[in-house]
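Enquirer: My structure is below; once you've seen it, I'll send some questions.
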Amino acid sequence: MICAGDISASIEHPLLERVTVLANDRVATGVGLIALHAPRVAARIEPGQFVHLRIARGSSFLLRRPFSVHLAGGERIEILYQVLGEGTRALAARAPGEEMDVIGPLGRGWTVPDGAAHALLVAGGLGAAPMGMLVARLADLGVAASVALGAPTKERLVALDVFEAHARRVVLATDDGSAGEHGFVTAPAGRLLAEDRPDVVYACGPEVMERAVARMAADAGVPCQVSLERLMACGIGACLSCVVATRSGQKRACCDGPVFDAKEVLWDASEVPPRH
Amino acid sequence: MICAGDISASIEHPLLERVTVLANDRVATGVGLIALHAPRVAARIEPGQFVHLRIARGSSFLLRRPFSVHLAGGERIEILYQVLGEGTRALAARAPGEEMDVIGPLGRGWTVPDGAAHALLVAGGLGAAPMGMLVARLADLGVAASVALGAPTKERLVALDVFEAHARRVVLATDDGSAGEHGFVTAPAGRLLAEDRPDVVYACGPEVMERAVARMAADAGVPCQVSLERLMACGIGACLSCVVATRSGQKRACCDGPVFDAKEVLWDASEVPPRH
Amino acid sequence: MPPKSPRDTDRHHEQGSRTGPDVESSVTDNQTGTVDLRVKVAGIELRNPVMSASGTFASGFEYAAFVEPSRLGALVTKGVSLEPWAGNASPRIAETASGMLNSIGLQNPGVEVFIARDLAWLSTWDVPVVVNVSGHSVEEYVAVVERLDAEVGIDALEVNISCPNVDAGGMAFGTDCSSAAEVTRRVRAVTGKPLIVKLSPNVTDIAEIARAVEAEGADAVSLINTLLGMAIDAHSFKPKLARAVGGLSGPAIKPVALRMVWQVSRAVGIPVIGMGGIMTGEDAVEFMLAGASAVAVGTANFVDPTATLRVIDGIVAFCREHGIARASELTGALRG
Amino acid sequence: MPPKSPRDTDRHHEQGSRTGPDVESSVTDNQTGTVDLRVKVAGIELRNPVMSASGTFASGFEYAAFVEPSRLGALVTKGVSLEPWAGNASPRIAETASGMLNSIGLQNPGVEVFIARDLAWLSTWDVPVVVNVSGHSVEEYVAVVERLDAEVGIDALEVNISCPNVDAGGMAFGTDCSSAAEVTRRVRAVTGKPLIVKLSPNVTDIAEIARAVEAEGADAVSLINTLLGMAIDAHSFKPKLARAVGGLSGPAIKPVALRMVWQVSRAVGIPVIGMGGIMTGEDAVEFMLAGASAVAVGTANFVDPTATLRVIDGIVAFCREHGIARASELTGALRG
Ligand SMILES: Cc1cc2nc3c(=O)[nH]c(=O)nc-3n(C[C@H](O)[C@H](O)[C@H](O)COP(=O)(O)OP(=O)(O)OC[C@H]3O[C@@H](n4cnc5c(N)ncnc54)[C@H](O)[C@@H]3O)c2cc1C
Ligand SMILES: Cc1cc2nc3c(=O)[nH]c(=O)nc-3n(C[C@H](O)[C@H](O)[C@H](O)COP(=O)(O)OP(=O)(O)OC[C@H]3O[C@@H](n4cnc5c(N)ncnc54)[C@H](O)[C@@H]3O)c2cc1C
Ligand SMILES: Cc1cc2nc3c(=O)[nH]c(=O)nc-3n(C[C@H](O)[C@H](O)[C@H](O)COP(=O)(O)O)c2cc1C
Ligand SMILES: Cc1cc2nc3c(=O)[nH]c(=O)nc-3n(C[C@H](O)[C@H](O)[C@H](O)COP(=O)(O)O)c2cc1C
Ligand code: FES
Ligand code: FES
């Protein structure tokens, strides 16, 4: 990853690739899965990295949109996206055969500590998006994975098939109890942390959830990685719009992250993008 | 037509109609023909009137685009359009089944003088667009029509089929001589004016052409109507962006026109939108 | 014409043929309760906070097929001057990214024709009428205001000291505190009608201008007028507007307009009427949160002739969603 | 550091490892002839008129995968101050119609780190380097300029008196003639390098400020910096930026930028560097026709990291289409 912080480090260039939509389907309430033919990005993307997508030209919104790569294989990448504003609405309208362009792979993804035997993944809502490639990678590496997956309601649970295919154990929670446990995903996450004694915890979801998981992991003495969302203009480290306050100073989510060591993050200084 | 100038006159309201694309095909080099299901506008539109089309939402261009209705029948209207800028490019990309909205019918169209037996239509390029309904109407009324139709080159001649179906005589001219006469359409127009001795001349095309035809008609003592293009924001008479200088003061092309009596127009004061 | 007092603001209640503003001013929904849309600006009670922006709605006649004037909070007319003005040469508009430039140049038939034709028509509708006033000189502003002051069918005057499209007068008065103050003082002296001063965004410190006109007796300020801009057609090597420069409006300018409404509403005690790029009810709510008591919809009318109605509906929907009983509670409700 | 003279502008020709600017400066096409893209601004010869806009390109390192620095007319770096600045709280950006707001707040590691890290890296490329200078006070501007003046790898300094995103200093210096003049005079006294002053559009009369800095010895002016704006998230009742207000950039502001470039280039004798919403070669040509000698590309880099290159190609295509031999002929070529 190139970052001015690493101005003298060896550079792994991101690519600007013209891609074609292969499929674009609704997979849960308000959630779509878009598959792109992106051979060059697909060949290099690592779990937890993201792409910066130019969804439309000539639209009244200008900026790219950052999306984690959910799954990658062969010449294909897949993105799981929640429809929120004009960008994701336009994304949902893109049809197979249409072209767009992506910058990627971007950012630092998840790391698997040497010798880890057991991992806990905690995903809230679309927090499951950057964990698809991760759970598959863990399976490849022979690391046993437990997953705590939460959503507001049954119809909004995503990526269950991927987790079930690769994890040893998947526990569900919904805010309304329509699937799995009734309540927040932090409850089963805490239990799994105690029961399974993982060597590493990965968390992605609303920042309050990540923070709660980070605290539980810290209390249990288990290393924890979190993937943070920030508003991003350039996506490549140049504009400083995506800063995260850490113990080692201000970092850029787009290239120093989005995955950070949870104990590095100064949670109080960080801010979640407004959401309604 | 509603116009502040007629603030006390009886109002014929334009409609705001949600329409569906029925077909959208390329019919000549850089020219498309889009058919819209627009029952309410189709029922009321008169030859020479236009509609104000909202081509796209969420695009970086805001304003509607004015287009003459080329043909109308049943619940359908057809627009002949030249692809020039972002608006018409977006129009060319609209697919059957998609929706958009139109305001119409707008403006004052062509009038057929009482007792006219013979009419001359002079169309340069897309000037043929507002003449499709006209030539059909003339045929209905039993007025014999001669048409002088010009284009830069053969591949850009439009609406030939409509003119041939309804006119007594169609003479072609192309700037490069690839079809019909070599040269501007004003040459055959002048000949037809002398030979056929029409009771009325209708002209639409580049403003220089309209002006030349207007002068020939005036010299021959034949009444002449011209359809003028102006940049239009509102399209309904409110914003004063489309003014035309006439002998009876400043008029709005969108509602006092677009068709004007040629001898009313103060040509030197009027200005053509820039074109490249 | 001598100043009139008390101010002529309760005309609606006097006219038997009109329904009071309360009839349409609130929307009832059994599930989420009633939203009271009424707001008060410069002493006029509006049935909702949405006005037409001057110059984009003429006198409402052309829009009547789409928007019944009595649905509006107020109808603000195109600028009127003492004598007829021909306006600028064509082309007068140019499209820009998410916006447009205009250099209409205040073409209008003069105050007498306006009164005889437009005002006569407007009087048949139950809507507060705000007449926008133009002038090439302080004397002209005064003369127009004096003439309009005599008319009962007018609820307020909006003095446009911010038009970027005329050579003499217009914006020149709005970009300098002392001349803004002078115009206000002079027109204030000849009218008892509520006086709104329309401010130019083409200034270093708009709050300072707002304070100056407040001090001279303006009952409200409206902002923003258009930003001075230019568009060029590279291929013809020429400006797109015959006059070279014009006024930028539309969504492109919304961030500047919101910022200025926020600054001005914190600087003055009189109400602020906010405008600049409003397309939706949510846009209008943003202006109110920033401090506007009412809003005006301009360029959006060209895009959608029913835009004012959609904005009103959108405000209702927003209030319902957030359990807000009175739209007026939105004004200045921005949280730190 | 004492003022240096003669001005340090022929660095490129001294360094053997670099190719002279003429190598890539013209494009040959047998059918339509050669287009000479070279322009001269503030005494520096640029191989083409396209620069990066400060703060949108960092020091070029992050963009190197997409744009080889030596392809640019000049590389303008992010603003640098004497000590490290932390910048503003997050969120720091918000999207608006055809534009964006930023309130980065000049976060930078301070001039020493900049020299040791960024400038060292930049020196490996054959590109004129323009360093953008920030300050909270006149003294800080002077100290930074003094420090940078000592570095051979710098071709010009751009003094940013127009940043809307800092509380002290920044834009405050650029919205008033006398403080703009003072900053210019004071930094001029401590450097012999070409001096560009970057102007704020948030003023009543930008031409007046331009004349003031010209009188104090600026070699060029660059404009526009961002327009002060605001965005509100209605549903949370909060400004979208943590700092409430920020700077508006992108195509939305192009009409304002073009107008100001046109006004300023007619008011001063020094070259104008134009920017604000440039996305394409045609946009760049429009700025040159309006009077700019060179242009800078900012927000467009975020949309397309190769934007600067596309703009250069677009200028070439335009010149060919119109039979223009030298891009510099475009400057001020607008027809009445
Ligand atoms: C590294 C990273 C990875 C992401 N991965 C995914 C993913 O895999 N699936 C998914 O559904 N979403 C993901 N997001 C969030 C996604 O980028 C936003 O939901 C999306 O940009 C919203 O765009 P919009 O136009 O629909 O919303 P709007 O709210 O209209 O967007 C307005 C602006 O805010 C930005 N924005 C809005 N929400 C967010 C957000 N949460 N994070 C960052 N920027 C935001 C947009 O990019 C845009 O600039 C990711 C964000 C980041 C930073
Ligand atoms: C009453 C009327 C009827 C018309 N009928 C037809 C028709 O039947 N077929 C057809 O092909 N064209 C017609 N035109 C012209 C057509 O409106 C323009 O070609 C079209 O708006 C160009 O849009 P654009 O976005 O592709 O071009 P751009 O040049 O990108 O448009 C930029 C702006 O300029 C305006 N504009 C550009 N050219 C013209 C023009 N010649 N006249 C008016 N506005 C213009 C656009 O509406 C837009 O606001 C008509 C124009 C008028 C006024
Ligand atoms: C075509 C046009 C004409 C205008 N004429 C006037 C006018 O006569 N008087 C006035 O005060 N403002 C005039 N304005 C400014 C608008 O009232 C409004 O302040 C501005 O357009 C910003 O709002 P908007 O972005 O919603 O259009 C005009 C604007 C446009 C677009
Ligand atoms: C994220 C961001 C950061 C900026 N930082 C600086 C800066 O440090 N110094 C400066 O002079 N201008 C800065 N600017 C202003 C730009 O250089 C430029 O003047 C402005 O964005 C207009 O050009 P554009 O529309 O092409 O972006 C910044 C702009 C943006 C968008
Ligand atoms: S998004 Fe630009 S630095 Fe991270
Ligand atoms: S387009 Fe608005 S008056 Fe004609």
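Residue numbers (my numbering), protein chains in the order written: chain A, 56 to 331; chain B, 56 to 331; chain C, 32 to 367; chain D, 32 to 367.
From the three backbone atoms N, C-alpha and C, an ideal C-beta is built for every residue, glycine too.
Got a sec? Which residues, its chain only, sit under 6 Å from V217 of chain B by beta carbon, not counting five neighbours each side?
Expert: Only G187 meet the Cβ criterion.
Enquirer: On the DSSP bridge assignment, give the partners of T301 of chain A in chain order.
Expert: The partner list for T301 of chain A (beta bridge, DSSP) reads A:G304, A:V320.
Enquirer: Using a cut-off of 8 Å between C-beta atoms, extract the partners of V298 of chain B located in chain G.
Expert: Among the protein chains in the structure shown, which are A, B, C and D, there is no chain G.
Enquirer: Are any of the Cβ atoms in chain B nearer than 8 Å to that of F145 of chain C?
Expert: For F145 of chain C, the answer is no, since every Cβ of chain B falls outside 8 Å of its Cβ.
Enquirer: So G130 of chain C and S280 of chain C are supposed to be a Cβ contact under 8 Å. How far apart are they, rounded?
Expert: About 6 Å; that satisfies the 8 Å criterion.
Enquirer: Going by DSSP in three states, M131 of chain C sits in which element: helix, strand or coil?
Expert: Strand, per DSSP.
Enquirer: For A242 of chain A and D230 of chain A, I'd like the C-alpha separation in whole angstroms.
Expert: Using only the alpha carbons, I get a separation of about 11 Å.
Enquirer: Return yes when the Cβ of F97 of chain C is within less than 8 Å of the Cβ of T337 of chain C, no when it is not.
Expert: Result yes, Cβ atoms of T337 of chain C and F97 of chain C sit closer than 8 Å.
Enquirer: Since G128 of chain A sits in a beta bridge, which residues does DSSP pair it with?
Expert: In DSSP, G128 of chain A forms a bridge with A:R131.
Enquirer: Just to make sure I have the definition right: I need the residues of chain C whose C-beta is within less than 9 Å of the C-beta of R351 of chain D. Which are they?
Expert: The premise fails here: R351 of chain D is roughly 13 Å from chain C at the closest Cβ pair, so nothing lies under 9 Å.
Enquirer: Given I124 of chain D, which residues of its chain have a CB within under 7 Å of its CB, disregarding the five upstream and five downstream residues?
Expert: Once the five neighbours on either side are set aside, the close Cβ partners of I124 of chain D are M131, L132, N133.
Enquirer: On the three-state DSSP scale, how would you describe G51 of chain C?
Expert: At G51 of chain C the pLDDT is 29, less than 50, meaning the model places this residue with poor confidence; the figure from the coordinates comes in the next sentence. Coil.
Enquirer: Can you list, in chain order, the stretches of the beta strand (DSSP E) that have 3 or more residues and sit fully within the segment 91-151 of chain B?
Expert: Runs of the beta strand (DSSP E) inside the segment 91-151 of chain B: 105-109, 120-123, 126-128, 131-137.
Enquirer: Can C294 of chain B and F333 of chain C be called in contact, C-beta distance under 8 Å?
Expert: In this structure, F333 of chain C lies closer than 8 Å to C294 of chain B by Cβ.
Enquirer: What do you reckon, is the C-beta of C310 of chain A under 7 Å from a heavy atom of ligand 8?
Expert: Of the ligands this structure carries, namely ligand 1, ligand 2, ligand 3, ligand 4, ligand 5 and ligand 6, none is ligand 8.
Enquirer: For K285 of chain D, go through chain C and note every residue whose CB falls closer than 7 Å to its CB, in chain order.
Expert: Those within 7 Å of K285 of chain D in chain C are T127, A128.
Enquirer: In the structure shown, what three-state DSSP assignment does S210 of chain C receive?
Expert: It is helical.
Enquirer: So is H68 of chain B in contact with chain C if we call contact Cβ pairs under 8 Å?
Expert: Yes, contact with chain C.
Enquirer: Counting only runs that start and end within the segment 158-246 of chain D, where is the alpha helix (DSSP H) found for 4 or more residues in a row?
Expert: DSSP runs (the alpha helix (DSSP H)) wholly in the segment 158-246 of chain D: 169-180, 208-219, 237-246.
Enquirer: Where do the N-terminal and C-terminal ends of the beta strand (DSSP E) with A178 of chain B fall, by residue?
Expert: 173-179 is the extent of the beta strand (DSSP E) around A178 of chain B.
Enquirer: Using Cβ-Cβ distances below 7 Å, what residues of the segment 101-113 of chain A are close to chain B?
Expert: Per Cβ criterion, the list reads G113.
Enquirer: Given a threshold of 16 other Cβ atoms within 10 Å of its Cβ, counted over all protein chains shown, does S209 of chain D qualify as buried or as exposed?
Expert: That one is exposed.
Enquirer: Considering only the alpha carbon of each residue, which of A:A288, A:G232, A:E319 lies closest to T301 of chain A?
Expert: Of the listed residues, the one whose Cα sits closest to T301 of chain A is A:E319.
Enquirer: I'd like to know if T63 of chain D contacts chain C, where contact means its C-beta is closer than 8 Å to some C-beta of that chain.
Expert: Here the model assigns T63 of chain D a pLDDT of 45, short of 50, so the residue's position is not dependable, and the following value carries that caveat. No, T63 of chain D does not count as interfacial toward chain C.
Enquirer: Between the Cα of L146 of chain B and the Cα atoms of B:R163, B:L215, B:L181, B:V86, which residue gives the shortest distance?
Expert: Among B:R163, B:L215, B:L181, B:V86, the Cα nearest to that of L146 of chain B is on B:V86.
Enquirer: Tell whether a beta-carbon distance below 8 Å holds between G307 of chain C and I284 of chain C.
Expert: In this structure, I284 of chain C lies closer than 8 Å to G307 of chain C by Cβ.
Enquirer: Answer with yes or no whether the minimum CB distance from K269 of chain D to chain C is below 8 Å.
Expert: Taking Cβ atoms only, chain C reaches closer than 8 Å to K269 of chain D, which makes this a yes.
Enquirer: Rounded to whole angstroms, what's the CA-CA distance from E245 of chain C to I301 of chain C? Just pull it up for me.
Expert: Cα-Cα distance, rounded: 7 Å.
Enquirer: Measure from the C-beta of E141 of chain B to each C-beta in chain A and report whether the shortest distance is under 8 Å.
Expert: Closer than 8 Å: yes.
Enquirer: Which value, in whole angstroms, describes the spacing of the CA atoms of I192 of chain C and P270 of chain C?
Expert: Taking the straight line from one Cα to the other gives about 25 Å.
Enquirer: Measuring only the C-alpha atoms, how far is I89 of chain A from A258 of chain A?
Expert: Going by the C-alpha atoms only, they are around 23 Å apart.
Enquirer: The alpha helix (DSSP H) that contains P160 of chain A, what's its start and end?
Expert: Where P160 of chain A is concerned, there is no enclosing alpha helix (DSSP H), although the beta strand (DSSP E) it sits in stretches over 154-161.
Enquirer: Please classify P94 of chain A as buried or exposed, where buried requires at least 16 other C-beta atoms within 10 Å of its C-beta.
Expert: Result: exposed.
Enquirer: CB of N133 of chain D to nearest heavy atom of ligand 4: below 7 Å?
Expert: Checking the Cβ of N133 of chain D against ligand 4 gives yes.
Enquirer: Out of D:S168, D:L188, D:V183, D:R290, state which residue places its alpha-carbon closest to the alpha-carbon of V107 of chain D.
Expert: Comparing Cα positions, the closest option is D:L188.
Enquirer: Excluding the five sequence neighbours on either side, which residues of its own chain have a C-beta within less than 7 Å of the C-beta of G182 of chain B, listed in chain order?
Expert: Cβ within range, chain order: C259, G260.
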